[in-house]
Every structure is written in structure tokens, then in C-alpha cells.
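In this note's numbering, the protein residues as written are 6 to 299. Virtual Cβ for every residue (Gly too), placed ideally from N, Cα, C. I have placed the structure first, in the form of C-alpha cells, so that the comments after it can refer back to it.
This is the structure in C-alpha cells:
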């Protein structure tokens, strides 16, 4: 796993995430009677985003943007897209797991004020897009198709699992002038399964193996191929990596390793912004704006 160990990342995740007790309880009951049912239950939670209540601070985002639904052929799903039309370079904003486009409200307002043409998307299963299970390969395909439908994009600004997805989109042919990765969620894929299973206090290897096999069946390819550790060394897009030293969901070593592997990336490390607050930091927005306008 490069410069960080699975055990320390597991402690970060378990300290941050507090699964509802009944999730853990039900998984343990299923584990006693049927490991197949327990696997299916854990897999459903793993692939099922939670739609959290939108905080008041994000409400104005919906008043300032035009909203429309777009059917995406490559994943056979409809998503909601938000736009602010300007004459400047076109920027796509991609949020993370359990997130939504409106989390970028402060950054989008700043960039729109500078004349950038804004597009943001609620990923499948998230925000105002239709609820349901989804996955990283769907996000990857979606970003590429949005480029065909609404692009080309000068820059993609992405967060968490959205950053991993955007890296994969570039791997699959997405062309950009600039790329911004904020709080990138993972350096390699396999540990994501083990860490998630660990939240249930069940046999990590047993259930991670089975979830990995399920992912392989659904993806039609090796899930590990989607890990940045497999391909970022071949990406030469001008990239800014932004991460917080006290991120409790994605360890800062992830950003350090990706920056080291990439050909043309620089790292901006912040403090006291954790995993999501970083998206509404005026100073972070300023750093990204300076990078894009260079």
C-alpha cells in the first residue's frame, strides 16, 4: 500500500464512521446463520449511498444554478446536472461518496464570479439524482460521457471517491487542461473493501474476498485496475492535489503517494479542514483558482 498501512487507515475510518448499531447487529446475526446473506447485506450498504439532509448553507446553490436531468447511455441512468453559464473556460465539479453537487457552493460561486462556465453533477444515487446502488466504474463512465455531451472541459475539480473516478476517466481517455483532486479517497482499491468490512467487526479477509469477487463480477474487470496505484504514473495532466493533514476519512499519505507517482502534479496540504470542510474553505478556493488561471 505504499507509504501507509492498512491498520492505520482502518483506525482512521473506524474512528470517523459510526455505523448505526442495528447495521452491525443485523450483519452479525446474518453472519451466524448465513454468510451468503451477510455478504449480500454488507455489499448493499457498501454500494448504497446515503442521502443526507441538505444544510441551509447550501440552499442558495439551488437558486443560483440552472438544473436539468440528463440520461446517460453508458450507465443507463438519469442524473441531475447544475449549470451557471459564462463565457470562460468550462469546469466540471464532481463530488464524493454520500455527497452532492451543492457541497461546492462556495467554490462554485467564487469561480462563477470570475467568469468560468460551471457544470456540477449529482452522481448516480446521490443528491437529486435517482436513488439506488452505484459504484466507481459508473462514476468513471459518467464523467467521460458528460465530457462528450457537455464538454470539452478545461478542468475537472473532484473530491474523495469523485477524485478517484476522475483519475480513472483520464485513464479511459478524458482530455483536460487541468485536474484538481481534493481529499482523494484511495490509493489502491483492495484496502477499501477490508476497511469497510472492518466497520462491522466481522472477519475482514473472508468478507472482503467475497465483496471483491462480487465487484469483479459486476465490473467485468479486476477492481484493482481502478486503483490510482496502477496507473497514475502514466497521467501527465497538469494536476493540483489538495488534502488536509487531519483528514480522518482519507489519510494524507494517499495524496503524498499520488503526487509522487504523477508526472506533473503539485501538492497543497491544508490544516484543520478535515475531509469535507475543505470544500467550503475560501483559501482552498483561492489556491485552486490561482492554479487554474496559471
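Close-in-space but distant-in-sequence residues of the same chain around residue i (CB under 6 Å, 5 per side omitted)
i	result
residue 286	278
residue 202	209, 212, 213
residue 108	100, 284
residue 280	188, 252, 254
residue 297	160, 183
residue 270	244, 246, 264
residue 268	241
residue 299	none
DSSP-derived helix/strand/coil call for residue i
i	result
residue 274	strand
residue 76	strand
residue 288	helix
residue 3	Nothing can be reported for residue 3, as the shown portion of the chain is limited to 6 through 299.
residue 202	helix
residue 138	coil
residue 189	coil
residue 82	strand
residue 177	coil
residue 18	Bear in mind that the predicted position of residue 18 carries a pLDDT of just 48, short of 50, making it unreliable; the figure below should be weighed with that in mind. Looking at residue 18 - three-state DSSP - the assignment turns out to be helix.
residue 294	helix
residue 41	helix
residue 208	coil
residue 105	coil
residue 194	coil
residue 216	helix
Per-residue burial, residue i [other beta carbons within 10 Å of its own, 16 or more giving buried]
i	result
residue 26	exposed
residue 249	buried
residue 20	Legend: pLDDT at residue 20 = 41, less than 50; position of this residue unreliable, value from coordinates given subsequently. Counting Cβ neighbours within 10 Å, residue 20 comes out exposed, since fewer than 16 surround it.
residue 64	exposed
residue 152	buried
residue 41	exposed
residue 143	buried
residue 259	buried
residue 304	It is not possible to answer for residue 304, since the shown part of the chain is limited to 6 through 299.
residue 231	buried
residue 124	buried
Residue i vs residue j beta-carbon contact at 9 Å
i	j	result
residue 87	residue 122	no
residue 75	residue 158	no
residue 141	residue 166	yes
residue 36	residue 45	no
residue 190	residue 169	yes
residue 172	residue 154	no
residue 263	residue 233	yes
residue 300	residue 69	Only positions 6 to 299 of the chain appear in the structure, and residue 300 is not among them; the question remains open.
residue 137	residue 82	yes
residue 89	residue 150	no
residue 85	residue 39	no
Residues sharing a beta bridge with residue i, DSSP
i	result
residue 98	125, 162
residue 87	72, 125
residue 243	183
residue 249	275
Same chain, Cβ closer than 7 Å to residue i, neighbours up to 5 away in sequence not counted
i	result
residue 195	217, 229
residue 54	102, 103, 130, 131, 139
residue 180	157
residue 198	213, 216, 217
Cut-off 8 Å between Cβ atoms - residues of its own chain near residue i, not counting five sequence neighbours on either side
i	result
residue 92	120, 122
residue 28	50, 205
residue 292	245, 247, 273
residue 112	98, 162, 284, 285, 289, 290, 293
residue 110	62, 63, 65, 66, 285
Beta carbon proximity, residue i to chain B, threshold 9 Å
i	result
residue 152	The structure shown contains no chain B, having only a single protein chain.
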